[in-house]
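Undergrad: Numbering (this note's numbering), first residue to last: 216 to 258.
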């Protein structure tokens, strides 16, 4: 999947997860890591 819309949504999601990661919410950290890997493989 290489749609620009999807890439922007995943990038935005990472920003939305940042406060939760900072608080140490484990599931937010896991989702952020998956999003990071997704963006790495689809650029």
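Built from N, CA and C at the ideal position, the CB exists for glycine as well.
So what does DSSP say about residue 227, is it helix, strand or coil?
TA: Looking up residue 227 in the chain shown gives position 12. Helix at residue 227.
Undergrad: Buried or exposed for residue 232, please, with buried defined as at least 16 other CB atoms from any protein chain shown within 10 angstroms of its CB.
TA: Reading the chain shown from its first residue, position 17 is the one you call residue 232. Buried.
Undergrad: Relative to the C-alpha of residue 247, which candidate in 222, 218 and 226 has its C-alpha closest?
TA: Numbered from its first residue, the chain shown carries residue 247 at position 32. Closest by alpha carbon: 226.
Undergrad: What are the start and end residues of the alpha helix (DSSP H) that includes residue 241?
TA: Reading the chain shown from its first residue, position 26 is the one you call residue 241. Unbroken alpha helix (DSSP H) run through residue 241: 241-256.
Undergrad: Could you tell me how far apart the beta carbons of residue 250 and residue 229 are, in whole angstroms, since I believe they sit closer than 8 Å?
TA: Stepping through the chain shown from its first residue, residue 250 is reached at position 35. Stepping through the chain shown from its first residue, residue 229 is reached at position 14. The Cβ separation is near 5 Å, so the contact holds.
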